[in-house]
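Enquirer:
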Amino acid sequence: MVTITCIEDLKVLYRRRVPSMFYDYTESGSWTEQTFHTNQQALQDILFKQRVLVDLSTRKVEAKMLGQPVTMPVALAPVGLTGYQSADGEIKAARAAANFGVPYTLSTMSICSIETVAEQTQKPFWFQLYVMRDRNFVKTLIRRAKSAGCSALVLTVDLQILGQRHKDIKNGLSTPPKPTLKNLMNIATKPQWALEMLRTPHRNFGNIIGHVAGVDDTTSLSAWASQQFDPALSWDDVSWIKELWQGPLIIKGIMTQEDALLACRHGADAIIVSNHGGRQLDGAPATISVLPEIRATIGDQVELWLDGGIRSGQDVLRAIASGADATLIGRAYIYGLGALGGLGVRRALEVIQQELDLTMAFCGKTDIRSVTGSILYAPSSPNINHQPTMRGQPYA
Ligand SMILES: Cc1cc2nc3c(=O)[nH]c(=O)nc-3n(C[C@H](O)[C@H](O)[C@H](O)COP(=O)(O)O)c2cc1C
């Protein structure tokens, strides 16, 4: 049995166990991948102040997201095609998150459907919505998410048009993936993955196939998906969706103060500062770089969360100290899922929780809710426009 002590260990194992086209799908950003890499680098550039001789005997990293208790301020971000990283991947990830006590978000582009995940899990999860041109399909999806008991809707607003990832084009990773000779040969080297995939009935886009008129197989799905993302999506649609959903609404994909204010005005209950993990606008700054100014602009109007580049508990703490109420992880849990299935997702969460707890303690804090920008050194980079943090305390 391999000893897993950090997220990087899971990534190494993940690469070994999952076909390379799916590894590449995860481990890539758009065009030059500048933003994909910057997300992580900018987090690591933030340094902590070590404090000593503080009583650290009792510590707490529990928090709340949308008023619900979570065992740490981390949720699993929506990730498309999760059921190709490991058979029934969405069910495994949702169960692992529920058992650990953090929220799970199911993507519109999941392999297991909303209904399947709801049947196979005990606790409510969040549903992430992509707004398609076919508004009847959108209406039905929202209704299905409601009937399945989803407790929040995550509306992704940064994918009206699709960023380009070179690796996916070269690997033939379209919707659905193409069975090229190269891909089939690679799959032959991943027998455990292949066997599990053969055993599950969930091998196609469960939220779509059979729910759209004329889309009953992979060929018709491909034609439908290629023209369904809606370039005309606007803030008016957000109001329409809010009205239809009538539950907690999370707006994901905000990178500027202006859009954050608009999101508040259009009824968001939480905002996710996100650049889609560097998969859309290449050349956008790291999410952590824009977080403080967004916090300064919106104050405490709504919950403010961040994703992008989080690979450790230290990164979660950096985000919280820079003004986030909570964070989401994407790739970090996908590595775990591909490496060890549901157990790997659990291990990813355990690693991050332990690192978060200890790093907070090294900074002289015993409760995540009391963490402020005072635990960080002022950033040295002239490119980072840091403002006072959310609790009004400038970097000391
Ligand atoms: C492989 C992959 C697939 C993704 N699919 C979706 C998706 O279906 N919907 C969505 O809103 N975001 C999607 N995202 C973006 C994530 O929700 C999240 O914003 C991003 O992964 C955060 O960055 P991180 O992976 O560095 O943690 C995807 C990200 C990755 C890596």
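Using the numbering used here, read the sequence shown as starting at 6 and increasing by one per residue.
Virtual Cβ for every residue (Gly too), placed ideally from N, Cα, C.
Bear in mind the structure is a predicted one, so any value in this text is a computation, not a measurement.
1) Quick one: give me the first and last residue of the beta strand (DSSP E) that residue 254 is part of.
2) What residue from 123, 60, 313, 302 has the CA that sits closest to residue 365's CA?
3) Excluding the 5 residues flanking residue 92 on each side, which residues of the same chain have their C-beta closer than 6 Å to its C-beta?
4) For residue 37, name the three-state secondary structure that DSSP assigns.
5) Ignoring anything shorter than 4 residues, give me the alpha helix (DSSP H) runs that lie fully in the segment 72-155, in order along the chain.
6) Does the beta carbon of residue 171 fall short of 7 Å from some heavy atom of ligand 1?
7) From the DSSP output, in three-state form, read off residue 18 for me.
8) Mapping DSSP to helix, strand and coil, what is residue 3?
9) Tell me whether residue 207, by its Cβ, gets closer than 7 Å to a heavy atom of ligand 1.
10) For residue 15, count neighbouring Cβ atoms within 10 angstroms of its own Cβ and tell me buried if that reaches 16, exposed if not.
11) Rounded to the nearest angstrom, how far is the Cβ of residue 331 from that of residue 79, given a contact under 8 Å?
12) How would you label residue 229, buried or exposed, when you count the other beta carbons within 10 angstroms and need 16 or more for buried?
13) Inspect the beta-carbon positions of residue 334 and residue 310 and report whether they are closer than 8 Å.
14) Counting pairs of Cβ atoms below 8 Å between the segment 65-80 and the segment 185-197, do you hit three or more?
15) Quick one: does the C-beta of residue 239 sit closer than 7 Å to a heavy atom of ligand 1?
16) Hey, is the segment 18-27 in contact with the segment 356-375, meaning 3+ C-beta pairs nearer than 8 Å?
17) Which residue wins for smallest C-alpha separation from residue 303, given the options 354, 182, 275?
18) Taking the alpha helix (DSSP H) that residue 162 belongs to, which residues open and close that run?
19) Heavy atom of ligand 1 less than 7 Å from the Cβ of residue 161, yes or no?
20) Cβ-heavy atom distance between residue 68 and ligand 1 below 7 Å?
21) State yes or no: is the C-beta of residue 339 within less than 8 Å of the C-beta of residue 207?
22) Give the single residue among 255, 43, 127, 179 whose Cα lies nearest to the Cα of residue 114.
23) Put residue 210 into one of helix, strand or coil per three-state DSSP.
24) Spell out the partners DSSP gives residue 58 in its beta bridges.
25) Under DSSP, the beta strand (DSSP E) around residue 275 begins and ends at which residues?
26) So the alpha helix (DSSP H) residue 1 belongs to, where does it begin and stop?
27) Does chain D have any CB closer than 8 Å to the CB of residue 250?
28) Return the chain-ordered list of same chain residues with a C-beta closer than 6 Å to the C-beta of residue 26, the five sequence neighbours on each side being excluded.
29) Mapping the DSSP letters down to three states, classify residue 251 as helix, strand or coil.
30) Taking 8 Å as the threshold (C-beta atoms), are residue 312 and residue 48 in contact?
31) Which residue wins for smallest C-alpha separation from residue 161, given the options 342, 224, 133?
32) Helix, strand or coil for residue 372? Go by DSSP, reduced to three states.
33) Can you find a heavy atom of ligand 1 that lies under 7 Å from the Cβ of residue 72?
34) Run the CB neighbour count on residue 152, radius 10 Å, all protein chains shown included, and call it buried at 16 or more, exposed below.
35) Hey, would you say the C-beta of residue 42 is under 7 Å away from at least one heavy atom of ligand 1?
36) Whole-angstrom Cβ separation of residue 402 and residue 84, contact assumed at under 8 Å?
Expert: Inspection of the coordinates gives the following:
1) Residue numbering aside, residue 254 sits at position 249 when the sequence shown is read from its first letter. In the DSSP assignment, residue 254 falls within the beta strand (DSSP E) that extends over 254-259.
2) On the sequence shown, position 360 is the one that residue 365 refers to. Among 123, 60, 313, 302, the Cα nearest to that of residue 365 is on 60.
3) Stepping through the sequence shown from its first residue, residue 92 is reached at position 87. Closer than 6 Å at Cβ, skipping near neighbours: 201, 202, 205.
4) One-based indexing of the sequence shown puts residue 37 at position 32. In the structure shown, residue 37 adopts coil according to DSSP, grouped into three states.
5) Counting whole runs of 4 or more residues, the segment 72-155 contains the alpha helix (DSSP H) stretches 87-90, 94-105, 119-125, 140-152.
6) Within the sequence shown, the letter at position 166 stands for residue 171. Not so, every heavy atom of ligand 1 lies at least 7 Å from the Cβ.
7) Mapped onto the sequence shown, residue 18 falls at position 13. In the structure shown, residue 18 sits in a helix (DSSP, three-state: H, G or I).
8) This structure gives no information on residue 3, because the portion of the chain shown stretches from 6 to 401.
9) By 1-based counting over the sequence shown, the position of residue 207 is 202. Not under cutoff, so the answer is no.
10) Here residue 15 corresponds to residue number 10 of the sequence shown, with the count starting at 1. Looking at its Cβ environment, which holds 16 or more other Cβ atoms inside 10 Å, residue 15 is buried.
11) What you label residue 331 is simply residue 326 of the sequence shown in a count that begins at 1. What you label residue 79 is simply residue 74 of the sequence shown in a count that begins at 1. Contact flag correct, Cβ pair sits at about 7 Å.
12) The residue given as residue 229 occupies position 224 in the sequence shown. By the 10 Å Cβ count, residue 229 comes out buried.
13) For this step, residue 334 is matched to residue 329 along the sequence shown. For this step, residue 310 is matched to residue 305 along the sequence shown. Contact flag unset, no.
14) With the cut-off at 8 Å, the segment 65-80 and the segment 185-197 do not touch.
15) In the sequence shown, counting from the first residue as 1, residue 239 sits at position 234. The answer is no for residue 239.
16) No: the two stretches stay apart, fewer than three of their Cβ pairs being nearer than 8 Å.
17) Counted from its first residue, the sequence shown places residue 303 at position 298. Considering only alpha carbons, the answer is 275.
18) Position 157 of the sequence shown, counting from 1, holds the residue named residue 162. From DSSP, residue 162 is part of no alpha helix (DSSP H); its letter is neither H nor E.
19) Mapped onto the sequence shown, residue 161 falls at position 156. Yes, the beta carbon of residue 161 sits closer than 7 Å to at least one heavy atom of ligand 1.
20) Residue numbering aside, residue 68 sits at position 63 when the sequence shown is read from its first letter. No; taking the cut-off as 7 Å, the Cβ of residue 68 has no heavy atom of ligand 1 nearer than that.
21) Indexing the sequence shown from 1 puts residue 339 at position 334. Indexing the sequence shown from 1 puts residue 207 at position 202. For residue 339 and residue 207, no; Cβs fall outside 8 Å.
22) As a position in the sequence shown, residue 114 is number 109, starting the count at 1. Selected option, being the one with the closest Cα: 179.
23) Taking the first residue of the sequence shown as 1, we reach residue 210 at position 205. Under the three-state reduction of DSSP, residue 210 is assigned to coil, being neither helix nor strand.
24) Indexing the sequence shown from 1 puts residue 58 at position 53. As far as DSSP is concerned, residue 58 takes part in no beta bridge.
25) Within the sequence shown, the letter at position 270 stands for residue 275. Segment 275-278, the beta strand (DSSP E) holding residue 275.
26) Here the chain has residues from 6 to 401 only, and residue 1 is not among them.
27) Absent from the structure is chain D; it holds one protein chain and no more.
28) Numbered from its first residue, the sequence shown carries residue 26 at position 21. Leaving aside the five residues that flank residue 26 on each side, the residues in its chain whose CB is nearer than 6 Å to its CB run, in chain order, 176, 178, 188.
29) Taking the sequence shown and counting its residues from 1, one reaches residue 251 at position 246. In the three-state reduction of the DSSP assignment, residue 251 falls in the coil class, being assigned neither a helical nor a strand state.
30) By 1-based counting over the sequence shown, the position of residue 48 is 43. By 1-based counting over the sequence shown, the position of residue 312 is 307. Residue 312 is positioned such that its CB atom lies no closer than 8 Å to that of residue 48.
31) Translated into the one-based positions of the sequence shown, residue 161 becomes position 156. Ranking the options by Cα distance to residue 161, first place goes to 133.
32) Residue numbering aside, residue 372 sits at position 367 when the sequence shown is read from its first letter. Reduced to three states, the DSSP call for residue 372 is strand.
33) Residue 72 sits at position 67 when you count from the first residue of the sequence shown. Flag unset: Cβ of residue 72 not near ligand 1.
34) Taking the first residue of the sequence shown as position 1, residue 152 is located at position 147. Taking all protein chains in view, the Cβ of residue 152 is surrounded by fewer than 16 other Cβ atoms within 10 Å, so the residue is classified as exposed.
35) By 1-based counting over the sequence shown, the position of residue 42 is 37. Checking every heavy atom of ligand 1 against the Cβ of residue 42, none is found closer than 7 Å.
36) Since the first residue of the chain shown is 6 and the last is 401, residue 402 is not available in this structure.
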